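Novice: So the sequence shown is numbered by numbering that gives the first Met the number 0: it starts at 0 and just counts up by one. Have a look at this one before I ask anything.
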Amino acid sequence: MNIFYIILLFIFAIPTSSIVLPQDFKEVMDNTVIHDTGTTTSEDVAVIKSDSDIKGSHFNLVENLNAAEILNSPEYDDVTSYFFAYYTEGKSDTLMKAALLESELNVVPEPEPLKFLFFGDIMLDRYVKTIIERNRVDYIFSDLKAVNFFDNRDLISANLEGAVTNGGEHYKPIHSNDFAFSPEVIDSIKDYGFNFFSISNNHLSDQGDIGIKETETNLSALGINYSGCRDGLVDECSVRIVEINGKKIGMLGLSMVYSKLDLDKLSDTVNNLAKETDLIFANVHWGIEYVHQFNQQQQIFAHKLIDLGVDIIVGHHPHVVQGMEMYKNKPIFYSLGNFVFDQYFSQATQTGLALGMELKDDNLSILFHPFKSNITKPILLTDDDKSNFLAQYIQWSTLNPEQIDQVKDGGIKL
0 MNIFYIILLF
10 IFAIPTSSIV
20 LPQDFKEVMD
30 NTVIHDTGTT
40 TSEDVAVIKS
50 DSDIKGSHFN
60 LVENLNAAEI
70 LNSPEYDDVT
80 SYFFAYYTEG
90 KSDTLMKAAL
100 LESELNVVPE
110 PEPLKFLFFG
120 DIMLDRYVKT
130 IIERNRVDYI
140 FSDLKAVNFF
150 DNRDLISANL
160 EGAVTNGGEH
170 YKPIHSNDFA
180 FSPEVIDSIK
190 DYGFNFFSIS
200 NNHLSDQGDI
210 GIKETETNLS
220 ALGINYSGCR
230 DGLVDECSVR
240 IVEINGKKIG
250 MLGLSMVYSK
260 LDLDKLSDTV
270 NNLAKETDLI
280 FANVHWGIEY
290 VHQFNQQQQI
300 FAHKLIDLGV
310 DIIVGHHPHV
320 VQGMEMYKNK
330 PIFYSLGNFV
340 FDQYFSQATQ
350 TGLALGMELK
360 DDNLSILFHP
370 FKSNITKPIL
380 LTDDDKSNFL
390 AQYIQWSTLN
400 PEQIDQVKDG
410 GIKL
């Protein structure tokens, strides 16, 4: 191998009167210049040898420093750079490194993970309506907002326990438990990031067919996505596909409180949904009220959903938290309990669970956020209160030892 130059010193000075570059950005700029220098012709560089000697030779970098590094002063604004290099006839590592650098600079950044937040039942009528009229909806969510709980979520969902009628109107016949909310109230909670509701439950039809139609119309007008039909029905209204950062998320809404679901129609629905989506959530309204332990009917149906292609099941209706299990490495949360409700007669009906989920690539991590309500105002549990809740939650659940350890730590990874 012939070495044409024992050493060359290239000095590149960049004026600093207008900007100060951070150290890491200086290095990127230097490497870009090195790449340009290593591939240049002799007309661009002052040399001692003749053109014929340099043409076709390779540029080899010995050292690259700048003034801040030489003076050991990272805060120094002078960005003059010093390259010590030589040319050879042999193979050059520098050009290979420069090509690698160029490819790294052009790498498309990884997509951001998708972040979800799921709650249980939200009911904004009766005494909750009175609280909102007195104190505005901000009163209800103030403690969660104070800890930035709603921030940086791509989708925030809850089970909307009632109809969204024009003006919050109640239509005859009036039932003993008869819920309706105005679009204005729903719009006010949209400010907290709520952008999806499961509406398939036993109270969607409280205001009859007109109430269902107005619910769909009003939610659409507010720009809020939803899925779900009346109790016991599987139809086009059961499904919604939400696209977030290029991912298609299937949202399935089902209710089986009073009526059984058509399994054949459900099978076709889930199979078709699986072909169009990257991930499927099923919100299911089911179970026995005020009972923490899920029952066999729920379990059989949950396993059927996962066999069909559902990835995650989020349950509600019992008004208390029920346990969870994993089936084929898919999580089933049988009930998240009440989120916002006026059932003040027990601690269990005023304790709920929120699920924070993050999907990155094909990896899903889930964090447990238990809370207690103080007259309809949810407050997150922390420290011993949270640990005690999770210990009880494990008792309601069917989990293996590894899963139990994860839940004790406040989350689970898939």
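By construction, the Cβ of each residue, glycine as well, lies at the ideal position given by its N, Cα and C atoms. Only a predicted model underlies this, so the values are computations on that prediction, with no experimental measurement involved.
In this structure, does DSSP put L363 in helix, strand or coil?
Specialist: In the sequence shown, the residue the question calls residue 363 occupies position 364. If DSSP states are grouped into helix, strand and coil, L363 belongs with the strands.
Novice: Taking all protein chains shown into account, decide if N328 is buried (16 or more other Cβ within 10 angstroms of its Cβ) or exposed.
Specialist: Taking the first residue of the sequence shown as position 1, residue 328 is located at position 329. Burial call: exposed.
Novice: Go through the stretch 263 to 314 residue by residue and report every complete run of the beta strand (DSSP E) that reaches 3 residues or more, in order.
Specialist: DSSP runs (the beta strand (DSSP E)) wholly in the stretch 263 to 314: 278 to 284.
Novice: In or out: P400 buried (at least 16 other Cβ within 10 Å) or exposed?
Specialist: One-based indexing of the sequence shown puts residue 400 at position 401. That one is exposed.
Novice: Are there 16 or more other CB atoms within 10 angstroms of the CB of I188, so buried, or fewer, so exposed?
Specialist: By 1-based counting over the sequence shown, the position of residue 188 is 189. By the neighbour-count rule (16 or more Cβ atoms within 10 Å), I188 is buried.
Novice: If I'm right that H318 touches F340 with Cβ under 8 Å, what's the distance once you round it to whole angstroms?
Specialist: By 1-based counting over the sequence shown, the position of residue 318 is 319. By 1-based counting over the sequence shown, the position of residue 340 is 341. Indeed, because the Cβ distance is near 7 Å, the residues count as touching under 8 Å.
Novice: Classify G351 as buried or exposed, calling it buried when 16 or more other Cβ atoms lie within 10 Å of its own Cβ.
Specialist: On the sequence shown, residue 351 is found 352 positions in, with the first residue counted as 1. G351 comes out buried.
Novice: Can you grab the Cα-Cα spacing for the pair K144 / L379, in whole Å?
Specialist: As a working mapping, residue 144 is identified with position 145 in the sequence shown. As a working mapping, residue 379 is identified with position 380 in the sequence shown. K144 and L379: Cα-Cα distance of roughly 11 Å.
Novice: What residue range does the beta strand (DSSP E) around Y225 cover?
Specialist: Indexing the sequence shown from 1 puts residue 225 at position 226. Per DSSP, Y225 belongs to the beta strand (DSSP E) from N224 to S226.
Novice: For the stretch 125 to 133 against the stretch 280 to 298, do three or more pairs of beta-carbon atoms, one drawn from each stretch, fall closer than 8 Å, so that the two count as touching?
Specialist: The stretch 125 to 133 vs the stretch 280 to 298: no contact.
Novice: Count the other CB atoms within 10 Å of the CB of P369; is the residue buried (16 or more) or exposed (fewer)?
Specialist: On the sequence shown, position 370 is the one that residue 369 refers to. By the neighbour-count rule (16 or more Cβ atoms within 10 Å), P369 is buried.
Novice: Taking the straight line between their C-alpha atoms, what separation do you get for V406 and E132?
Specialist: The residue labelled residue 406 in the question sits at position 407 within the sequence shown. The residue labelled residue 132 in the question sits at position 133 within the sequence shown. Between V406 and E132, the C-alpha separation is close to 39 Å.
Novice: Does the beta-carbon distance from S237 to G252 come in below 8 Å?
Specialist: In the sequence shown, the residue the question calls residue 237 occupies position 238. In the sequence shown, the residue the question calls residue 252 occupies position 253. In contact: S237 and G252 (Cβ atoms closer than 8 Å).
Novice: I'd like to confirm the pairing. Which residues does DSSP put opposite P330 in its beta bridges?
Specialist: As a first step, residue 330 must be located in the sequence shown, where it is residue number 331. Beta-bridge pairing links P330 to M325.
Novice: What are the boundary residues of the alpha helix (DSSP H) that includes S396?
Specialist: Position 397 of the sequence shown holds residue 396. Where S396 is concerned, there is no enclosing alpha helix (DSSP H), given that its DSSP letter is neither H nor E.
Novice: By the DSSP assignment, the alpha helix (DSSP H) with V127 in it spans what residues?
Specialist: For the purposes of this step, residue 127 is identified with residue 128 of the sequence shown, where counting begins at 1. Element bounds for V127: R125 to N134.
Novice: Is the separation between the beta-carbon of L278 and that of V184 shorter than 8 Å?
Specialist: Locating residue 278 in the sequence shown gives position 279, where the first residue counts as 1. Locating residue 184 in the sequence shown gives position 185, where the first residue counts as 1. No.
Novice: Since I312 contacts I287 with CB under 8 Å, what's their CB separation in whole angstroms?
Specialist: Reading the sequence shown from its first residue, position 313 is the one you call residue 312. Reading the sequence shown from its first residue, position 288 is the one you call residue 287. Wrong, their Cβ atoms sit about 17 Å apart, outside the cutoff.
Novice: Quick one: give me the first and last residue of the alpha helix (DSSP H) that I240 is part of.
Specialist: Here residue 240 corresponds to residue number 241 of the sequence shown, with the count starting at 1. Looking at the DSSP string, I240 is not in any alpha helix (DSSP H); the run it does join, the beta strand (DSSP E), is V238 to I243.
Novice: Taking its Cβ as the centre, do 16 or more other Cβ atoms sit within 10 Å of Y343, making it buried, or is it exposed?
Specialist: The residue you call residue 343 lines up with position 344 of the sequence shown. It is exposed - the Cβ of Y343 has fewer than 16 other Cβ atoms within 10 Å.
Novice: Could you tell me whether the stretch 381 to 400 touches the stretch 146 to 153, using the rule of 3 or more Cβ pairs below 8 Å?
Specialist: With the cut-off at 8 Å, the stretch 381 to 400 and the stretch 146 to 153 do not touch.
Novice: First and last residue of the beta strand (DSSP E) that includes F117?
Specialist: As a position in the sequence shown, residue 117 is number 118, starting the count at 1. Per DSSP, F117 belongs to the beta strand (DSSP E) from L113 to I121.
Novice: For the alpha helix (DSSP H) holding F140, just list the boundary residues, first then last.
Specialist: Residue numbering aside, residue 140 sits at position 141 when the sequence shown is read from its first letter. Looking at the DSSP string, the run of the alpha helix (DSSP H) that includes F140 is D137 to A145.
Novice: Let's test the definition: count the other Cβ atoms within 10 Å of the Cβ of Q206 and tell me whether it reaches 16, buried, or not, exposed.
Specialist: Indexing the sequence shown from 1 puts residue 206 at position 207. Looking at its Cβ environment, which holds 16 or more other Cβ atoms inside 10 Å, Q206 is buried.
Novice: Between G432 and H169, what straight-line distance do the alpha-carbon atoms span, to the nearest angstrom?
Specialist: As displayed, the chain neither begins before 0 nor continues past 413, which places residue 432 out of reach and without an answer.
Novice: For T375, count neighbouring Cβ atoms within 10 angstroms of its own Cβ and tell me buried if that reaches 16, exposed if not.
Specialist: Here residue 375 refers to the residue found at position 376 of the sequence shown. Under this definition T375 is a buried residue.
Novice: So, are the CB atoms of G119 and A157 less than 8 Å apart?
Specialist: On the sequence shown, residue 119 is found 120 positions in, with the first residue counted as 1. On the sequence shown, residue 157 is found 158 positions in, with the first residue counted as 1. For G119 and A157, yes; Cβs fall inside 8 Å.
Novice: Looking at the structure shown, is I173 part of a helix, part of a strand, or coil, going by DSSP?
Specialist: Translated into positions along the sequence shown, residue 173 becomes position 174. Coil.
Novice: Three-state secondary structure (DSSP) at T350?
Specialist: Here residue 350 refers to the residue found at position 351 when the sequence shown is read from its first residue. Looking at T350 - three-state DSSP - the assignment turns out to be strand.
Novice: Of all the options A390, G227 and L116, which has the alpha carbon lying nearest to the alpha carbon of A162?
Specialist: Counting from 1 along the sequence shown, the entry for residue 162 is found at position 163. When each option's Cα is compared against that of A162, the closest is G227.
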